[in-house]
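In this note's numbering, the protein residues as written are 14 to 234.
Following: one structure in structure tokens, then a few remarks.
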Ligand code: DC
């Protein structure tokens, strides 16, 4: 049996920062499952397919081979031998990923790959449905949350850190709320608190405080 730590929650709750930290301190892998949906959304757009066009996305999926590789710079998402990692963090890809992820067949394909990786590798996975659907028997399940305003502020800082000053706080807040709504209200495997998950509200916690809390939860298991 491998060790699997599931961290779910909405965007900007701090999942990836904490997941990376836990992976490093416990010397296990980190699987960023959002990057897989982002990679697929980017690749679909590159091929002229809109993420909400189910009739085109489903047959297109059959032509897509996704692979996750690890390098010293972290996880790489490879789609049909193309490394799409450098392109998947752009602002417009966030909503495209959320939209394509509503398609049942897309989720089945991504979940199958996530389950294979988790069954072979000790890892911490972050996403939306890891504890509730992908790995309901994960050793540790955490749901990280924060207020939309705090998450929008964090997202704005992130984008600005990458030199993107083109979005106002209000715009980012509206995007975050729209994405939360879409991720929480899709028919299949929506974002929700998994049975048995520990909820952490990170709104007014430092990264160190959250990391300590997660370490404590892991130790108790
Ligand atoms: O975590 P992220 O912001 O990179 O994820 C982008 C989108 O991908 C998110 O809005 C919904 C989708 N997603 C999902 O449906 N299930 C996951 N396990 C991870 C991400």
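Just so you know, even glycine gets a beta-carbon here, dropped at the ideal spot from N, CA and C.
DSSP state of residue i mapped onto helix, strand, coil
i, result
"residue 17", "strand"
"residue 127", "helix"
"residue 218", "coil"
"residue 195", "helix"
"residue 63", "coil"
"residue 68", "helix"
"residue 91", "strand"
Residue i versus residue j: straight-line alpha-carbon distance, rounded
i, j, result
"residue 68", "residue 115", "13 angstroms"
"residue 212", "residue 226", "11 angstroms"
"residue 15", "residue 136", "8 angstroms"
"residue 39", "residue 124", "24 angstroms"
"residue 195", "residue 201", "11 angstroms"
"residue 216", "residue 155", "15 angstroms"
Rounded distance between the beta-carbons of residue j and residue i, thought under 8 angstroms
i, j, result
"residue 17", "residue 131", "5 angstroms"
"residue 157", "residue 31", "7 angstroms"
"residue 28", "residue 20", "5 angstroms"
"residue 113", "residue 50", "6 angstroms"
CB contact check: residue i to chain B, cutoff 7 angstroms
i, result
"residue 77", "Protein chain content of the structure displayed is limited to a single chain, and chain B is not contained in it."
Check: residue i C-beta below 6 angstroms from any heavy atom of the ligand SAH
i, result
"residue 179", "This structure lacks the ligand SAH; the ligands present are the ligand DC."
Every unbroken alpha helix (DSSP H) within the region 118-197, with a cutoff of 4 residues, ordered by chain: The region 118-197 is shown to contain whole alpha helix (DSSP H) runs of 4 or more residues at 161-174, in chain order.
Beta strand (DSSP E) runs contained entirely in the region 24-55, provided each spans 3 or more residues: For the region 24-55, the full-length beta strand (DSSP E) segments reaching 3 residues or more read 42-45 along the chain.
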